[in-house]
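Visitor:
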Amino acid sequence: MPKRSDQRRRRNTDEGQALMKAEAGRAPTIPRASGDWHPIAKRWFQSLKDSGQAQFYEQSDWLTAVYVAEAMSRNLGQSKFSAQLFQSVMSAMTDLLTTEGSRRRARVELERLDDAEDPAEAARVTLMETYRKAAGGGGS
1398 MPKRSDQRRR RNTDEGQALM KAEAGRAPTI PRASGDWHPI AKRWFQSLKD SGQAQFYEQS
1458 DWLTAVYVAE AMSRNLGQSK FSAQLFQSVM SAMTDLLTTE GSRRRARVEL ERLDDAEDPA
1518 EAARVTLMET YRKAAGGGGS
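Written out as structure tokens, the structure reads:
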């Protein structure tokens, strides 16, 4: 998984393919969670609405999320849990950028305003830099 941009040592590498832009459609209508879904599927779907990556979602992304929540709900409601269905759901969740790793791979970084200057995190990064330098790993 790629590091966050503020943790990368080298910033002069090629950023990959050029960005292609297209005009977005109308603002999406966020569907409601189904009352028939398993409670975990409902909570996951509701969490998308409050997640930072949701600002990038189009109508098709929301409908994909509905489908994922339905599949998740069915799997959780079965007497025998399906590992294959679980893998499919996890893959679709990755496509919706619902994990830190998937967001990093897509080069999407979410920052909380209240966590931007977290002293504990800054201390951990500084400590790791000190260890790297002591081990002969060089500086930033």
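With the numbering used here as the guide, the letters of the sequence shown map in order to residues 1398 to 1537.
Note that CB positions come from ideal geometry on N, CA and C, so glycine has one too.
1) Are Ala1466 and Leu1493 close, meaning C-beta to C-beta below 8 Å?
2) State the DSSP-derived secondary structure class of Trp1434, mapped to helix, strand or coil.
3) Under the three-state reduction of DSSP, which class applies to Arg1509: helix, strand or coil?
4) Quick one, are the C-beta atoms of Met1469 and His1435 less than 8 Å apart?
5) Run through DSSP, which three-state label would Gln1475 get?
6) Please classify Tyr1464: does DSSP put it in a helix, a strand, or coil?
7) For Ala1430, count neighbouring Cβ atoms within 10 angstroms of its own Cβ and tell me buried if that reaches 16, exposed if not.
Guide: For this structure:
1) no
2) coil
3) coil
4) yes
5) coil
6) helix
7) So Ala1430 ends up on the buried side.
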